[in-house]
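Per this note's numbering, the sequence shown starts with residue 30, numbered consecutively. Ideal placement from N, C-alpha and C gives every residue a C-beta, glycine not left out.
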Amino acid sequence: MGSAYLRYAHTKGTVQEVDWLIVALGLRPGDRLLDVGCGPGRHVHELARRGMIAHGVDISATFIDLAERDAPHGATFERLDARRLAEPGVAAGAYDAVIALCQGAFGMMLSDEDDDAVVAGMAGALRPHGMLALSAFNAYYAVRYHTEATFDVARGLTRERTEVHDPQGRSLEVDLWTGCYTPRELRSLLARHGVDVVSMASVEPGSFGADPPSAESPEFLVVGRRAQC
Numbered sequence: 030m031g032s033a034y035l036r037y038a039h040t041k042g043t044v045q046e047v048d049w050l051i052v053a054l055g056l057r058p059g060d061r062l063l064d065v066g067c068g069p070g071r072h073v074h075e076l077a078r079r080g081m082i083a084h085g086v087d088i089s090a091t092f093i094d095l096a097e098r099d100a101p102h103g104a105t106f107e108r109l110d111a112r113r114l115a116e117p118g119v120a121a122g123a124y125d126a127v128i129a130l131c132q133g134a135f136g137m138m139l140s141d142e143d144d145d146a147v148v149a150g151m152a153g154a155l156r157p158h159g160m161l162a163l164s165a166f167n168a169y170y171a172v173r174y175h176t177e178a179t180f181d182v183a184r185g186l187t188r189e190r191t192e193v194h195d196p197q198g199r200s201l202e203v204d205l206w207t208g209c210y211t212p213r214e215l216r217s218l219l220a221r222h223g224v225d226v227v228s229m230a231s232v233e234p235g236s237f238g239a240d241p242p243s244a245e246s247p248e249f250l251v252v253g254r255r256a257q258c
């Protein structure tokens with residue numbers, strides 16, 4: 030998808046989202062933060078501008094190339110499959126905070142095992158009492174507003190038909206499948222990896238806040254804290 034990703038409406042709320050993250054995660058200048066599925070680096074760039082030491086990982090070489098262009102001081106990037114975060118020595122206990130937003134990695138893997146691996150890696154990357162923020166598609170919203178053509182009830186996946194372009198400019202229509210979750214499933218998943226849920230809200234991109242979970246918003250945003258090891 031490349032630079033076309035930045036034309037999506039949901040990418041326009043970066044400043045508000047980072048304002049919210051700084052407060053919710055208790056971030057201070059000099060804190061080390063990991064963005065899992067960072068895409069072209071919009072959150073990493075903004076966090077680095079605010080004084081954080083921010084590192085982004087993404088499976089897409091194109092996104093990493095875009096992210097490294099004009100990256101501010103304190104922002105670094107690495108091509109990495111998020112499922113590898115839990116491997117020994119990759120990111121163990123190195124960060125004050127870890128985020129995974131806008132389905133950049135979590136929810137994109139199609140299997141429960143892969144999503145579990147992503148969360149395991151995120152939790153393992155945190156120092157004791159480090160903070161986590163994770164967004165996920167709202168299963169209740171999908172049931173309520175999607176059709177059989179765009180929501181696979183048996184697998185809990187939404188389907189979006191979209192057009193992408195390769196480096197040569199050729200277009201191709203592809204299906205994007207994204208996993209959906211309930212609040213109970215998210216709490217259970219995080220607890221399994223030693224993360225206590227601090228808050229959970231219904232949100233929309235560019236409008237992060239504290240609205241209680243409901244069926245009326247497309248995403249849930251969870252804030253958690255890693256337990257003492």
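Return the bridge partner residues of residue i from the DSSP annotation.
i	result
His84	Leu63 and Thr105
Met160	Ala126 and Arg254
Tyr10	Any answer about residue 10 is impossible in this case: the structure gives the chain only from 30 up to 258.
Asp181	Leu186
Ser236	Glu233
Can the beta-carbon of residue i be found less than 9 angstroms from the beta-carbon of residue j?
i	j	result
Arg216	Val227	no
Ala77	Gly59	no
Ala165	Gly136	yes
Arg156	Arg255	yes
Thr187	Thr207	yes
Ala100	Gly70	yes
Leu250	Phe237	yes
Gly153	Ala129	no
Cys131	Asn167	no
Glu189	Ser200	no
Glu14	Gly235	It is not possible to answer for residue 14, since the shown part of the chain is limited to 30 through 258.
Met151	His72	no
Leu114	Asp87	no
Leu6	Ala126	Since the first residue shown for the chain is 30 and the last is 258, residue 6 is missing from the structure and cannot be characterised.
Under the rule that 16 or more other beta-carbon atoms within 10 Å means buried, what is residue i, buried or exposed?
i	result
Arg173	exposed
Glu202	exposed
Tyr37	Only weak support exists for where Tyr37 lies, its pLDDT of 48 falling under 50; the value from the coordinates is given anyway. The residue is exposed, with fewer than 16 neighbouring Cβ atoms inside 10 Å.
Ala33	Only weak support is given to the placement of Ala33: the predicted model assigns it a pLDDT of 49, under 50, and the value that follows is read from those uncertain coordinates. Classification for Ala33: exposed.
Ser231	buried
Glu245	exposed
Val44	exposed
Val182	exposed
Gly85	buried
Gly253	buried
Pro117	exposed
Glu343	Nothing about residue 343 can be read from this structure; the chain reaches only from 30 to 258.
Pro242	buried
Glu75	buried
Ala21	Residue coverage of the chain in this structure runs from 30 to 258, which leaves residue 21 outside it and unanswerable.
Lys41	exposed
Ala96	buried
Gln257	exposed
Ala178	exposed
By the DSSP assignment, the beta strand (DSSP E) with residue i in it spans what residues?
i	result
Val232	Val224 to Val232
State the start and end residues of the unbroken alpha helix (DSSP H) segment that holds residue i.
i	result
Gln197	Segment: none, Gln197 is in no alpha helix (DSSP H) and carries neither H nor E.
Val119	Where Val119 is concerned, there is no enclosing alpha helix (DSSP H), given that its DSSP letter is neither H nor E.
Leu95	Ala90 to Glu97
Met151	Asp141 to Ala154
His72	Arg71 to Arg78
Arg245	Correcting the residue identity first, residue 245 is Glu in this sequence and not Arg. No alpha helix (DSSP H) holds Glu245; DSSP gives it neither H nor E.
Gln45	Thr43 to Ala53
Nearest chain B C-beta to residue i closer than 9 angstroms, yes or no?
i	result
Val227	Annotation note: the requested chain B is absent from the structure, which comprises a single protein chain.
Check whether the Cβ of residue i lies closer than 8 angstroms to any heavy atom of the ligand ATP, and answer yes or no.
i	result
Glu192	The ligand ATP is absent from the structure shown, which contains no ligand whatsoever.
Q) Do the region 134-149 and the region 59-73 meet, that is, are 3 or more Cβ pairs less than 8 angstroms apart? A) Note that the region 134-149 touches the region 59-73; at least 3 beta-carbon pairs, one per stretch, sit closer than 8 angstroms.
Q. With contact counted as at least three CB pairs below 8 angstroms, one residue from each stretch, are the region 156-176 and the region 84-93 in contact?
A. Using a C-beta cut-off of 8 angstroms, the region 156-176 makes no contact with the region 84-93, since fewer than three inter-stretch Cβ pairs fall below that distance.
Q: May I ask you to verify whether the region 42-59 touches the region 67-83, counting CB pairs closer than 8 angstroms and requiring at least 3?
A: Look at the beta carbons and you see the region 42-59 touching the region 67-83: at least three pairs across the two are nearer than 8 angstroms.
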